[in-house]
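Right, one structure below, let's go through it.
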Amino acid sequence: MEREMQPSGPPAEGREALVHAAGGPGQPAAPERALAEFVAGLSWESLPGDVREKARACLLYGLSVGLASLDHPLPVALWPAEGFAGRGGCPPAMGGPPAGMARRMVDGGMSPMGEAAFHNAIVLHARAQEDAHPAGHVGVVVVPAAMAVAEGAGASGKELLTAIVAGYEVALRLARDHVLDSSRHGFRSTSLYGVFGAAAASARLMGADARGVQRALSLASNLAAGLRGFVQAGSDEYVLHAAFAAQQGIAAAALADRPIRVASRFLDTPAGFFRATGFADTCYSGRVARELGEDYEFRRVTYKPYPACQFNRNVIKGMLSLRAQTEAAPLARVEIRMRPFEAEFFGVALRGPFSAYAQTFMSAPFCAATAWLRGGVSHADMQCFDAADVLALARRVNVVSEPGRPAYHPRITVHYEGGGADWRSEDAADDYLLDWSAAVRMAGLLASERSGADEGRAQLVELIGGLEGARSLEGLSAALGRAAGQAWARGRSSS
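Last residue of the sequence shown: number 490 in the numbering used here, and the count goes up by one each step with no gaps.
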């Protein structure tokens, strides 16, 4: 979540249209117009090879995490959710997208698009192992919305993948220089920016031109929401953040062609999105459209090897390394030094008590204690809120704010009788960048948690690997339905 983080990526076509979209030759486009032109004008053929690969990787990884989440309590608790079966899954009074059905992952059945997106977002987000970026987890919003609209509208595989790129890029560009301040206000970045990504992807798949995309994004700015209080409260709203953002992004795109007046500027106006959720004396729009279509923020998306907050990936890695080095010696105390934004983030320093999954995946002490005592961190481990040995060690883990420490690179010191040991990650590169090989590897690891899941995993890998050549999503939808139905049935029989 660094303000200085830079986007990256190769060139695409249409730069002149983006630069001059608002004010004529020599005048930069308003960021809203530039984003809309980018979304409407993006083509699969113009995307660089690694960005295409990233789109396939994010889709495979997201669905794999979702299938591994069907034994989590929240998808079960929230299915079925009455009142979402209006036209396109939007409340009837709001209208909705053209009638169309899409696959839902909770049981492998079919639902109206908005309802499918709502429930699939819950499934993709429940175990908190989704893809990640310094600006949040927008994939759990963009992927369910894009998949639902693409299937309901009869889109091709190439059209789905292009819409996924557009949705991620819009959300991440809006977030990258704004997310520190919105987070300080207590807003949840995943849904706050994810709804823009869902609206962008959905509008593109509905065939909107640049004006239609801009109207969809404007409507989405009025639907951006979500608060971080769930961590302190030990509550479950975090999955609904993603669910409502996916559904409302579809609704925003569907309503964009209605004969209503919609604000064309909605980002940095006096009552616009940036000021309402940030600070009035700060300009957040300077880099929103910079090198848009040339550099891709989407490239920075990463994966999580464990079901935990991305701040805790290297906490777990470091504790496992120290555990092996010291032969899991009984610990007297642990210090975890993190950069201030991470150390002081909601729930990261929590040492207990724990009553909810949302608290354990955020807590560095809980993750550290679990890694040390269990030799790993599993989905089941993160739900052991009253494990006496883990709670006892977590109380002896101290999170320290250390100015100047790099993002995601904690320094860990363990103290035990007769000595101590230290671990730090010195590698400046991100070890967790999500590419196709990482997605395939993680799909295998996630499938290994469930008996009989490997056949479904292999089908998804094959279908998504060749998705750009698919004329429709029928094959992918059918394979996902089979895999989800089997996982859902296994989860119910074992509960």
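Backbone N, C-alpha and C define an ideal beta-carbon position, used for all residues, glycine too. This one's a predicted model, so the numbers in the text were calculated from it and none came from an experiment.
- Simplified DSSP assignment, three categories, for G84: Per-residue confidence for G84 stands at a pLDDT of 44, beneath the threshold of 50, marking its modelled position as unreliable; the derived number appears in the next sentence. It is helical.
- Item | Residue range of the unbroken alpha helix (DSSP H) whose run includes V296 | From DSSP, V296 is part of no alpha helix (DSSP H); its letter is neither H nor E.
- Message: Considering just the uninterrupted stretch of the beta strand (DSSP E) at H410, what are its terminal residues?
- Response: Judged by DSSP secondary structure, H410 falls within the beta strand (DSSP E) whose first and last residues are 406 to 411.
- Is the Cβ-Cβ distance between I331 and A359 less than 7 Å? Closer than 7 Å, so yes.
- Item | Bounding residues of the alpha helix (DSSP H) (the contiguous stretch that carries M96) | Secondary structure note for M96: it is in no alpha helix (DSSP H), and the uninterrupted beta strand (DSSP E) holding it is 96 to 98.
- Query: In the DSSP assignment, what residue or residues form a beta bridge with S106?
  - Reply: A97
- Message: Tell me the residue span of the alpha helix (DSSP H) that contains N309.
- Response: 308 to 321
- Query: Closest to A319 by CA distance: which of V136, W418, K49, S177 is it?
  - Reply: Distances from the CA of A319 to each of V136, W418, K49, S177 were compared; the closest alpha carbon is that of W418.
- Roughly how many whole angstroms lie between the Cα atoms of R295 and C53? 12 Å
- Message: On a Cα-Cα basis, can you pick out the residue from T157, F191, P107 that is closest to E40?
- Response: T157
- Query: Who pairs with I331 in a beta bridge, going by DSSP?
  - Reply: V394, I407
- Taking buried to mean at least 16 other C-beta atoms within 10 Å of its own C-beta, is L37 buried or exposed? buried
- Query: Would the beta-carbon of A161 fall within 7 Å of that of L200?
  - Reply: Inclusion of A161 and L200 in the CB contact set at 7 Å is not warranted, their separation being larger than that value.
- Per DSSP, what kind of secondary structure is Y352 in: helix, strand or coil? helix
- Query: If you check the beta carbons only, do T365 and D376 fall under 7 Å apart?
  - Reply: yes
- Endpoints, alpha helix (DSSP H) assigned at A196: 184 to 200
- Message: Suppose the cutoff is 7 Å on Cβ atoms and the five residues either side in sequence are ignored; what does the same chain contact list for S184 look like?
- Response: A130, G131, A170, V174, S177, S178
- Query: Taking the C-alpha atoms as reference points, what is the distance between A194 and A211?
  - Reply: 6 Å
- Message: Restricting to Cα atoms, I'd like to know which of A434, E292, G202 is closest to L155.
- Response: In this structure, G202 is the residue among A434, E292, G202 with its C-alpha nearest to the C-alpha of L155.
- Query: Are the segment 43 to 62 and the segment 287 to 301 touching by the rule of at least three beta carbon pairs closer than 8 Å?
  - Reply: yes
- Item | Chain-order list of residues whose beta-carbon lies under 7 Å from that of E164 (same chain, five-residue window excluded) | Cβ within range, chain order: Y291, E292, F293.
- Message: For the ligand ZN, is there any heavy atom lying closer than 6 Å to the beta carbon of L475?
- Response: Among the ligands in the structure shown, none appear at all, so the ligand ZN cannot be discussed.
- Give every residue of the same chain whose Cβ lies closer than 6 Å to the Cβ of G313, excluding the five residues on either side of it in the sequence, and list them in chain order. I407, W418
- Task: Throw me the rounded Cβ distance for the F113 and A241 pair, which I believe falls under 8 Å.
- Result: 6 Å
- Neighbour-count burial assignment, H128, 16 or more Cβ in a 10 Å radius: buried
- Inter-residue spacing [alpha-carbon to alpha-carbon] between Q481 and S443: 14 Å
- Item | Reduced DSSP category for D126 - H, G, I as helix; E, B as strand; rest coil | Correct three-state label for D126: coil.
- Task: Just confirm the distance between the C-beta atoms of F306 and F340, as a whole number of angstroms; I'd bet it's less than 8 Å.
- Result: 7 Å
- Message: Here's a check: name, in chain order, each residue in its chain whose Cβ is nearer than 7 Å to the Cβ of R390, leaving out the five neighbours to either side.
- Response: R346, G347
- Task: Only counting runs of 4 or more residues, tell me where the alpha helix (DSSP H) segments fall wholly within the segment 192 to 264, in order along the chain.
- Result: 205 to 216, 225 to 228, 232 to 250
- Query: First and last residue of the beta strand (DSSP E) that includes A448?
  - Reply: That residue, A448, is in no beta strand (DSSP E); it is neither H nor E in DSSP.
- Give me the Cα-Cα distance between D126 and V135, rounded to the nearest whole angstrom. 8 Å
- Message: Which same chain residues end up closer than 8 Å to A141 when comparing Cβ atoms and leaving out the 5 residues on each side of it in sequence?
- Response: L155, A158, I159, G162, A193, A196, S197, L200
- Query: Starting from A416 and walking both ways along the beta strand (DSSP E), at which residues does that stretch end?
  - Reply: 414 to 419
- Tell me which same chain residues have a C-beta within less than 8 Å of the C-beta of A416, skipping the five on either side of it? L317, Q320, T321, T408, V409
- Task: Return yes when the Cβ of L187 is within less than 7 Å of the Cβ of G221, no when it is not.
- Result: yes
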